[in-house]
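Notes for the one structure printed next.
4 protein chains.
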Amino acid sequence: MPSSDGLHRHLIRVRYADTDQMGVAHHAAYVVWLEEARIAWLRNIGILYKDLEAAGTLMPVVDLRIGYRRPCRFDDELEFETRIAVPGPTRVEFHTRISLGAVLCAEAQVTVAAVDRTGRPCRIPAALAPRS
Amino acid sequence: MPSSDGLHRHLIRVRYADTDQMGVAHHAAYVVWLEEARIAWLRNIGILYKDLEAAGTLMPVVDLRIGYRRPCRFDDELEFETRIAVPGPTRVEFHTRISLGAVLCAEAQVTVAAVDRTGRPCRIPAALAPRS
Amino acid sequence: MPSSDGLHRHLIRVRYADTDQMGVAHHAAYVVWLEEARIAWLRNIGILYKDLEAAGTLMPVVDLRIGYRRPCRFDDELEFETRIAVPGPTRVEFHTRISLGAVLCAEAQVTVAAVDRTGRPCRIPAALAPRS
Amino acid sequence: MPSSDGLHRHLIRVRYADTDQMGVAHHAAYVVWLEEARIAWLRNIGILYKDLEAAGTLMPVVDLRIGYRRPCRFDDELEFETRIAVPGPTRVEFHTRISLGAVLCAEAQVTVAAVDRTGRPCRIPAALAPRS
């Protein structure tokens, strides 16, 4: 169940393969972590993304913004705090803060669009839509 | 040498490993491609990024924005058109359009910061700075 | 602590980014998972790989063999069962079975060599060496 | 066209994202490179892997062996020399040497199996089968 403030927390440990020769996590790794955190967020409210896809609703990323604040390193256990916003009937924005303890490492906004198997926009799952 | 309009073109072929089960290139692959295109852009004006790092200047990504317009697929040969903007003495923005033939697949803006090995901001290479 | 049979179990969930257009996890993903499982195996006997590196011992992979038995899919939670063998004073072999429930998905043998920062072979950590 | 000795050469440049905090290319990157080299090998004899898949023949990796000899680094341009062996009607082995100039960096053997869309073994493309 989501916490009462609608915020979900998810932990991801930085893999060795995520590092680069600067000695920190490579900036592309965050994109994969954010996807894992979104899927965990959905699971947390009872939506299995694999079931969504099996039922014919895909949710491709259409827009991605990441601000990198502080580098993180191998074996760091990062906390992903996610909230959503719903700008319309076919899109969801995931707003995520990535922290290591009290240190903010990155902030991200990822917009996904609900589409059917032919690529046409469709309604997001009812559980995500704001109550009117 | 750069073309007279300051625009550089770079080709990248979509790898099988870049695809996901939607049957298209995964959105995280673009981040790695954009890095290759930036490094090719620098090479094109005579800057080897490995030499920059060896000389003590790193250029980590501090901000990343990608708008995904059309999916691309395995074996597609994508064209990366890059221009830069220089918002200040320690940062460079790379503006890139990713196309497949006449179709725009994605637009991206990646900001990198010049830092020394201790992480302190430093001046970007002179070849990137606007002429006063 | 390791279980009494010297076997360590570790769980990894298949990420969406791990899939390819065959609809299964891409074969390269296993290599990254195996690394995570090795590092978890070491943590389980009290060795933090990051501390090893900080103390000057690196453990690069020198040989890798994977037999892929059954495909696995997005969101599958895979079990990694690892045992080690020690063929000599400077190398460790990690033998891992990757399963999904009762189904064996892959078997792997990864050999790592202990080296110092200059790349010269050095002794593996005492905790890994067989008792004489 | 293949060279007269049946050997095909393919170049891949090491990406920054391929590196890890040891300052060398991560061992998992080789797996993705080997896939690109196989697909280039096939293209070189007139087989587009995407056409194979579109026609219903998939070629998943069933066995992978890599011996890592010397590390390679960011921006290195590696040469992949590939030969094939055909152990039976439904499998192909790709034997690849990865070199940087005169230095052998790695040797690999990757076995792929031809399967139809249901996963059943099928004959490899005629162009790969040994002439009887």
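Chains as they are written, first to last, in this note's numbering: chain A, 1 to 132; chain B, 1001 to 1132; chain C, 2001 to 2132; chain D, 3001 to 3132.
Don't be surprised by glycine CBs; every beta carbon is placed ideally from N, CA and C.
Residue i, buried or exposed, once every other Cβ within 10 Å from all chains shown has been counted against 16
i	result
B/Thr1118	exposed
B/Ala1029	buried
C/Pro2130	exposed
D/Met3001	Annotation note: pLDDT 39 at D/Met3001 (below 50); position unreliable, coordinate value reported separately. When all chains shown are included, D/Met3001 counts as exposed.
D/Val3061	buried
A/Pro121	exposed
A/Pro125	buried
D/Ala3054	exposed
B/Ala1102	exposed
C/Arg2123	exposed
C/Arg2070	exposed
D/Ala3037	buried
Enclosing alpha helix (DSSP H) for residue i [first to last residue]
i	result
C/Asp2051	2049 to 2054
D/Leu3042	3029 to 3044
CB of residue i within 7 Å of CB of residue j, strictly
i	j	result
D/Thr3082	D/Ala3113	no
A/Ile12	A/Leu64	no
C/Leu2042	C/Tyr2049	yes
A/Val92	C/Ala2017	no
A/Val110	A/Cys72	no
A/Phe80	A/His10	yes
C/Asn2044	C/His2008	yes
A/Asp76	A/Leu104	no
C/Gly2023	B/Gln1021	yes
A/Ala106	A/Ile66	yes
B/Ala1085	B/Leu1034	no
C-beta neighbour in chain D for residue i, strict 7 Å
i	result
C/Asp2076	no
C/Met2022	yes
B/Ala1017	yes
C/Leu2042	no
Range of the contiguous beta strand (DSSP E) that encloses residue i
i	result
D/Gly3088	3077 to 3088
D/Phe3094	3091 to 3100
A/Cys105	103 to 113
A/Arg65	61 to 68
Cutoff 7 Å: residue i Cβ touching any chain B Cβ
i	result
D/Val3032	yes
A/Ile66	yes
Minimum Cβ-Cβ distance from residue i to chain A less than 7 Å
i	result
D/Asp3051	no
B/Ala1114	no
B/Gly1088	no
B/Ile1098	no
B/Arg1083	no
B/Arg1009	no
7 Å Cβ cutoff, residue i in contact with chain C
i	result
B/Ala1054	no
A/Glu35	yes
B/Ala1028	yes
D/Val3061	yes
D/Leu3058	yes
Partners in chain G for residue i, counting only beta-carbon separations shorter than 7 Å
i	result
C/Ile2039	The structure shown contains no chain G; the protein chains it does contain are A, B, C and D.
Which complete beta strand (DSSP E) runs does the stretch 5 to 29 of chain A hold, if anything under 3 residues is left out? 8 to 13
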